[in-house]
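**Student:** Protein chains in written order, with the working numbering: chain A, -1 to 417; chain B, 3 to 429.
Even glycine gets a Cβ: it sits at the ideal position worked out from N, Cα and C.
Questions regarding the structure given below will be posed in turn.
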Amino acid sequence: MNDFIRDSLDHCVKCTICESYCPVSQVTPLFPGPKYVGPQAERYRGTDASPDKSVDYCSGCGICTQVCPQDVKIAEINSRARAKLWEQRGVPLRNQLIARPTVIGRLGTPVAPVANWALHNRAVRGVVESVIGIHRDAPMPSFAGTTFQKRSRRHHGPADAPAVVYFHGCGTNYYEPRVGEMVVAVLEHSGFRVIVPEQDCCGLPLQSNGNFPAARTYVRRLVDRLAPHARAGLPIVSNSTSCGLMLKREAHEILGIDDEDLKVVSGSMYDLCEFLLRQHERGELRTDFESLPLTVPYHAPCQQRGHGIGKPALDLLALVPDLHMIELDVDCCGIAGTYGLKKEKYEISMAVGKRLFSDITATGSDIAACDSETCRWQIAHGAAVTAVHPIELLYRGYGLDRRRPITAGVSAQPAAVNG
Amino acid sequence: MSYDTVVVGAGLAGLVAALRLTEQGQRVLVVARGVGATHLAPATIDVLGYVGETRVESPAAALPALLAGSPDHPYRHLSAERLAAGLAWFGTHAGTLGYTGSVDENVLLPTAIGVPKPSAFVPRTMAGGDLRAGGRFVFVGFKGFKDFHPALLADNLARARLPAPVTARALVLEPPASPRGDLSGRVVAGRFDTDGLGDWLIGALDKRTDPDEIIGVPAVLGLRDADATWHALETGLERKVFEVATLPPSVPGIRLFDALTQQLRERGTSIVLGVRAAGARVKDGRIEAVDVSNATGPVSHPTGAVVLASGGFASGGLELDSFGVTRETVFDLPLVGVSGSERVRFAAGYFDDQPLARAGVATDDRLRPVGPDGHPVYANLHAAGAILGGAVPWKEKSGTGISVATGYAAAEAILAPNAQPVPEAVR
């Protein structure tokens, strides 16, 4: 395994900049902070797991690595240390379950009405909390019933146009196929043919829950499916910022996968907004936008920031007349993928998100934009607004909501936990 | 994406340059490996505190003496008027930090370990700590807050060389409902913002301090509303209250970073952290584009001008390798103050005049890095902050002054490319 991750700890000068940004250590003493748990504790770990479990309280948001001026891979060190911890102690059943969105998706989709009822029923959630350890109030999306994969098979786009490959991720497939439809609509509007390969989970939830072997299996399977397209020179776009980052960087840096297929896929990966902005810079993005008189706060999720591409969503949405975006300055919403679902971490996750929620509320808008799906569910839950992917605003800005209405229902926002 | 200017570095110099350029209508991109030294420094603007071993009372008056001893100092390219212009602009762009002071006069503020430190511009929450007039001081610590020890401060201050008599005592308070374990400054500041610790502090200090005592509290009065909290303390107690900078992380430094970046964001400037500027595309002696490495590799950003504010050794703008070779890490610029290929020699004592401390880039009066022939390496590349050679900021107490003044001057040079170079008025 490549060890530039661990070796980077020697660059730590103990400046505490990561400590001043860590959203978790600011709200709980259970996590002593990225510097202590990362570069400092790592010196003592050697081949053994951490003697204490505090590393499990790292949410993996990655802000520490982004702000570190010395290029210490703090979050990555912590991610590996967590995997080592669970490797020795055994990954708990709960973490095994919530880390497999495709399994949950396949189970829930055929029985969506029943599953959705159960997911949002207080009594059921209470039982789930005490038996499995998923917090009763944690935000849960609703199964759409028909997957995006299935919908995309029915769709026939333009036959002879430049092709782009769409990696939609599990969130879009099982819970928000409407987002996928909007992605396809916008890409086709800009003159692309959209290829939707068969695809599975990228392994990120397994990685962040410390099951590296299973994560590697998933990401390799996904890479196998994407690599032929990448080798053909096609760009691959993803509207899931964290899954896209997995393919861009984390599969190599954290899971240590080092092969040509992954390299070619990494090199072809674009975040959706990054790709559209690139098209715009080339003068190849249609700009026939209509007026969209809305004021929308925008949260760039922590994983989006990890791409190092700035905030292309804001550059794109600036093209839509009368759309006023408010850039929020909060690093993390707290959910961090599956972190905030866990019984023992839900309160931490909500405390982390508190400032984001209140900043959104302060704008007075009933809609907020954010690139990452789990963050949108957390924002909808914490700030009581409709949270949309920026593509939805572009889609509406193009007037496609009238000309090309989506088929996948009106809203995939998590319903309030009722009854 | 193409920009009018790409700024490399998100420390004080880079942010000042970026904000000045943005304010003047430029489209600016800020890229940095991470957050800069704002979070480590107390947010005071120290223009010039010492020339040799002599404490400076007026930076403007002491400039000639500084330049006589350090002829390659970055200040040689700035007159006292230009210094003052940059600092005045900064004072109106620092949000609620509300700087007070001037280049004509240093105040003396106590550090966290009780050393009197000269500064020209200070946030108004700190200004009340000026030791020059003397007085009865009480320093307040919070139980569990590990980065501020009032007894140490008071003890050292009693032994310091000061222009007027100062007495100092220590007081430790326990904030209500403190979480167990060590508290960081950031956590305590957060509690001032959200848990109303300010009201508690007024009550706690009212009976434990005398009306003529000047109260020094650690600079953790909040991240968002520190100014209001400080004001409430002064009016509630009817006593002079001031913040003392703590060990890092520096809460006032974070406030300053937040104030500058918030203005940049409001003006649509993109600040990208965790990426590395790694070279340039050059044509006819100009940088046409800067290469920025993100998660998948380098992306080229066409630009009209570049500000290099990547910092010195501590921030990775300069690098000394194990063979003794020093290099500038972004554009591989020629350096001054380095010993070439020879093995670097260090002076014997840690606090001695270390030759390498002055390493950095040399510039022309427009702050463009120059080669050995004195000509600009690139016509549109300007440097600011700790990457500039010729200074020993930690000894001179000039680091933040250099950053603000050269950040502003670099922006001015870009905004008025055809203006006559300013004569070296103070040399």
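Per the DSSP calculation, Arg283(B) is bridged to which residue(s)?
**Tutor:** Counting from 1 along the second sequence, the entry for residue 283(B) is found at position 281. In the DSSP output, where bridge partners are listed per residue, Arg283(B) has Ala291(B).
**Student:** Is the beta carbon of Thr40(B) sitting closer than 7 Å to the one on Gly319(B)?
**Tutor:** Residue numbering aside, residue 40(B) sits at position 38 when the second sequence is read from its first letter. Residue numbering aside, residue 319(B) sits at position 317 when the second sequence is read from its first letter. In this structure, Gly319(B) does not lie closer than 7 Å to Thr40(B) by Cβ.
**Student:** Which residues share a DSSP beta bridge with Tyr101(B)?
**Tutor:** In the second sequence, the residue the question calls residue 101(B) occupies position 99. According to DSSP, Tyr101(B) bridges with Pro125(B).
**Student:** With which residues is Met323(A) paired in a DSSP beta bridge?
**Tutor:** Looking up residue 323(A) in the first sequence gives position 325. Answer is Val294(A).
**Student:** Grab me the residues of Phe287(A)'s own chain with a C-beta within less than 7 Å of its C-beta, minus the 5 sequence neighbours each way, in chain order.
**Tutor:** The residue you call residue 287(A) lines up with position 289 of the first sequence. Around Phe287(A): Leu317, Val318, Pro319, Gly395 and Tyr396.
**Student:** Measuring only between beta-carbons, confirm whether Arg269(B) sits less than 7 Å from chain A.
**Tutor:** Within the second sequence, residue 269(B) is the residue found at index 267, counting from 1. False, the Cβ-Cβ gap to chain A never drops below 7 Å.
**Student:** Quick check on the DSSP output: the beta strand (DSSP E) that includes Ile216(B) runs from which residue to which?
**Tutor:** As a position in the second sequence, residue 216(B) is number 214, starting the count at 1. From DSSP, the beta strand (DSSP E) with Ile216(B) extends over Glu215 to Pro220.
**Student:** Could you work out which residues of chain B lie near Arg223(A), taking near to mean beta carbons separated by less than 9 Å?
**Tutor:** Taking the first residue of the first sequence as position 1, residue 223(A) is located at position 225. None at all; the shortest Cβ gap to chain B is about 19 Å.
**Student:** For Gln24(A), count neighbouring C-beta atoms within 10 Å of its own C-beta (all shown protein chains included) and say buried if the count is 16 or more, exposed if not.
**Tutor:** Reading the first sequence from its first residue, position 26 is the one you call residue 24(A). Answer is buried; the Cβ neighbour count reaches 16.
**Student:** Just verifying my parser: in three-state terms, what is the DSSP assignment at Lys119(B)?
**Tutor:** By one-based count along the second sequence, residue 119(B) stands at place 117. DSSP places Lys119(B) in strand when its eight states are reduced to three.
**Student:** Do the stretch 296 to 303 of chain A and the stretch 361 to 371 of chain A make contact, defined as three or more Cβ pairs closer than 8 Å?
**Tutor:** The answer is yes - the stretch 361 to 371 of chain A touches the stretch 296 to 303 of chain A, with three or more Cβ pairs under 8 Å.
**Student:** Any idea what DSSP makes of Val9(B), helix, strand or coil?
**Tutor:** Locating residue 9(B) in the second sequence gives position 7, where the first residue counts as 1. Of the three classes helix, strand and coil, the one that applies to Val9(B) here is strand, per DSSP.
**Student:** What residues of chain A sit near Arg182(B), judged by a beta carbon separation below 7 Å?
**Tutor:** For the purposes of this step, residue 182(B) is taken as residue 180 along the second sequence, with counting starting at 1. Residues of chain A passing the Cβ test: Pro27.
**Student:** If you draw a straight line from the alpha carbon of Leu274(A) to that of Gly304(A), how long is it in whole angstroms?
**Tutor:** The residue given as residue 274(A) occupies position 276 in the first sequence. The residue given as residue 304(A) occupies position 306 in the first sequence. One C-alpha to the other measures close to 18 Å.
**Student:** Is Gly287(B) closer than 7 Å to Ala381(B) when the C-beta atoms are compared?
**Tutor:** As a position in the second sequence, residue 381(B) is number 379, starting the count at 1. As a position in the second sequence, residue 287(B) is number 285, starting the count at 1. Yes, they are a contact pair.
**Student:** According to the Cβ coordinates, are Arg35(B) and Pro67(A) closer than 7 Å?
**Tutor:** As a working note, residue 35(B) is residue 33 in the second sequence. As a working note, residue 67(A) is residue 69 in the first sequence. Taking 7 Å as the Cβ cut-off, Arg35(B) and Pro67(A) qualify as a contacting pair.
**Student:** Using a beta-carbon distance below 7 Å, is Val189(B) in contact with chain A?
**Tutor:** As a first step, residue 189(B) is located in the second sequence; it is residue number 187 there, counting from the start. For Val189(B), the answer is yes, since a Cβ of chain A falls inside 7 Å of its Cβ.
**Student:** Throw me the rounded Cβ distance for the Val309(B) and Thr7(B) pair, which I believe falls under 8 Å.
**Tutor:** Stepping through the second sequence from its first residue, residue 309(B) is reached at position 307. Stepping through the second sequence from its first residue, residue 7(B) is reached at position 5. Sure, about 6 Å apart at Cβ, within 8 Å.
**Student:** Whole angstroms is fine: what's the gap from Pro177(B)'s alpha carbon to Leu31(B)'s?
**Tutor:** Taking the first residue of the second sequence as position 1, residue 177(B) is located at position 175. Taking the first residue of the second sequence as position 1, residue 31(B) is located at position 29. Rounded to the nearest angstrom, the two C-alpha atoms are 42 Å apart.
**Student:** Report yes or no: do the stretch 162 to 170 of chain A and the stretch 222 to 240 of chain A share at least 3 C-beta pairs separated by less than 8 Å?
**Tutor:** Result yes; three or more Cβ-Cβ pairs closer than 8 Å.
**Student:** Go through its chain and collect everything with a Cβ distance to Leu199(B)'s Cβ below 7 Å, but skip five positions before and after it.
**Tutor:** Taking the first residue of the second sequence as 1, we reach residue 199(B) at position 197. So the list reads Pro177 and Arg193, once near-sequence residues are dropped.
**Student:** Mind pulling the alpha helix (DSSP H) runs of 4 or more residues that sit fully within the stretch 21 to 94 of chain B?
**Tutor:** As far as the stretch 21 to 94 of chain B is concerned, its whole alpha helix (DSSP H) runs of at least 4 residues are 61 to 71 and 82 to 93.
**Student:** Leaving out five residues on either side along the sequence, give the residues of the same chain with a beta carbon under 6 Å from the beta carbon of Cys330(A).
**Tutor:** Taking the first sequence and counting its residues from 1, one reaches residue 330(A) at position 332. For Cys330(A), where only same-chain residues beyond five positions count, the Cβ hits under 6 Å are Pro21, Cys59, Cys300 and Val350.
**Student:** Please specify which runs of the alpha helix (DSSP H), each continuous and at least 4 residues long, are wholly inside the stretch 345 to 386 of chain A, giving them in chain order.
**Tutor:** Segments of the alpha helix (DSSP H) lying fully in the stretch 345 to 386 of chain A: 371 to 381.
**Student:** What number of angstroms, rounded off, separates the C-alpha of Gly13(B) from the C-alpha of Leu111(B)?
**Tutor:** Along the second sequence, one-based indexing puts residue 13(B) at 11. Along the second sequence, one-based indexing puts residue 111(B) at 109. In a straight line, the C-alpha of Gly13(B) is about 23 Å away from that of Leu111(B).
**Student:** So which residues on chain B does Asp456(A) lean against when the C-beta distance must stay under 9 Å?
**Tutor:** What is shown of chain A runs -1 to 417, which leaves residue 456(A) out entirely.
**Student:** Listed in chain order, which residues of the stretch 60 to 79 of chain A have Cβ atoms closer than 7 Å to some Cβ of chain B?
**Tutor:** Answer in chain order: Thr63, Gln64, Val65, Cys66, Pro67, Gln68 and Asp69.
**Student:** Using a Cβ-Cβ cut-off of 7 Å, state whether Gly306(A) counts as contacting chain B.
**Tutor:** Here the question's residue 306(A) lines up with position 308 in the first sequence. Answer yes: the Cβ-Cβ gap between Gly306(A) and chain B drops below 7 Å somewhere.
**Student:** Taking Gly326(B) as part of the beta strand (DSSP E), name the residues at either end of that continuous run.
**Tutor:** Counting from one through the second sequence, the residue named residue 326(B) turns up at place 324. Where Gly326(B) is concerned, there is no enclosing beta strand (DSSP E), given that its DSSP letter is neither H nor E.
**Student:** For Glu127(A), which residues in the same chain have their Cβ closer than 7 Å to its Cβ, ignoring the five residues on either side in sequence?
**Tutor:** Working through the first sequence from its first residue, we reach residue 127(A) at position 129. Correct list, in chain order: His133, Arg134 and Lys341.
**Student:** Does Pro357(B) come out as helix, strand or coil in the three-state DSSP assignment?
**Tutor:** In the second sequence, residue 357(B) corresponds to position 355, counting from 1. DSSP places Pro357(B) in helix when its eight states are reduced to three.
**Student:** Who are the Cβ neighbours of Val262(A) in its own chain at under 7 Å, not counting the five residues just before and after it?
**Tutor:** Taking the first sequence and counting its residues from 1, the one referred to as residue 262(A) is at position 264. So the list reads Ala225, Ala228 and Arg229, once near-sequence residues are dropped.
**Student:** Check the C-beta distance from Leu50(B) over to Val58(B) and give it rounded, since I have them as a contact under 8 Å.
**Tutor:** Position 48 of the second sequence, counted from the start, is the residue given in the question as residue 50(B). Position 56 of the second sequence, counted from the start, is the residue given in the question as residue 58(B). So it is a contact: roughly 5 Å between Cβ atoms.
**Student:** What is the DSSP secondary structure of Arg280(A), reduced to helix, strand or coil?
**Tutor:** Taking the first residue of the first sequence as position 1, residue 280(A) is located at position 282. Note: Arg280(A) maps to coil in three-state DSSP.
**Student:** In or out: Asn209(A) buried (at least 16 other Cβ within 10 Å) or exposed?
**Tutor:** For the purposes of this step, residue 209(A) is identified with residue 211 of the first sequence, where counting begins at 1. Buried, by the Cβ-count rule.
**Student:** For the alpha helix (DSSP H) that Ala311(B) lies in, which residues bound it at each end?
**Tutor:** Residue mapping note: residue 311(B) aligns to position 309 of the second sequence, counting from 1. Run containing Ala311(B): none; DSSP gives neither H nor E here.
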